[in-house]
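> All the letters of the sequence shown, read from the start, carry residue numbers 1 to 160 under the UniProt record's numbering.
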Amino acid sequence: MITMIAAAAENNALGKDNDLVWHLPDDFKRFKTLTTGHHIIMGRKTFESFPKPLPNRVHVVITRNTEYEAEGAIVVHSMEAALEIAKNDSQPFIIGGGEIYAIGMEFADCIELTRVHGTFEADAFFPLIDANIWEVVEEERHETDDRHQYAFTYLTYKKK
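#1: For Gly72, which three-state DSSP category applies?
#2: Exposed or buried, what is Leu113 when buried is set at 16 or more other beta-carbons lying within 10 Å of its beta-carbon?
#3: Would you check if the distance between the CB atom of Lys45 and the CB atom of Asn18 is smaller than 7 Å?
#4: Identify which residue in Glu71, Pro127 and Thr153 has its Cα closest to the Cα of Leu54.
#5: Are Tyr154 and Ile111 touching if we call contact CB-CB under 7 Å?
#6: For Leu128, count neighbouring C-beta atoms within 10 Å of its own C-beta (all shown protein chains included) and say buried if the count is 16 or more, exposed if not.
#7: I think Ile95 touches Ile40, with their Cβ atoms under 8 Å apart; what is that distance to the nearest whole Å?
#8: Grouping DSSP H, G and I as helix and E and B as strand, with all else coil, what is residue 182?
#9: Would you mind giving the Cβ-Cβ distance between Ala122 and Leu14, rounded to the nearest angstrom? I have them listed as a contact below 8 Å.
#10: Taking Glu138 as the reference, which of Lys159, Glu99, Glu106 and Phe107 has the closest Cα?
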């Protein structure tokens, strides 16, 4: 099962200037729990936004740049090549950014989306989720609290 995992605002904003525009500790914890032990497939800019590779995950970076090298990651030049690298993983995760999500939509079987309740200025966006193709199978809302400035909902989508 190929899973896309993202946190996107109500206007599908993902981030701005290669950074997130909110801080949701519980979402980070969920991301870590779900992706640990798996391949994480991402674009170059997403990889470069990390201070260092995330522990206990195989990083697969997609880039058009044939000269690109990334310490701690496997570099490929297409989603097909990334999925080939991850073929023995029972659940590889596509983790972004916007362009990689758009490419990954046709390959994914599942979307783990944290819908952040708000609209944000952004330069990267999650693609629209077609209700004719995807259905919500799980939903869990979290209100604001002293650690979370924005309410958010975990949504699990499966392909129909």
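Using N, Cα and C, we set each Cβ at its ideal position, and we do this for glycine too.
Quick answer:
#1: coil
#2: buried
#3: Yes.
#4: Glu71
#5: Annotated as distal: Tyr154 and Ile111, with beta-carbon spacing of 7 Å or more.
#6: Looking at its Cβ environment, which holds fewer than 16 other Cβ atoms inside 10 Å, Leu128 is exposed.
#7: At roughly 5 Å, the Cβ-Cβ gap stays under 8 Å, so Ile95 and Ile40 are in contact.
#8: The displayed coordinates of the chain run from 1 to 160. Any statement about residue 182 would go beyond what the structure contains.
#9: 6 Å
#10: Lys159
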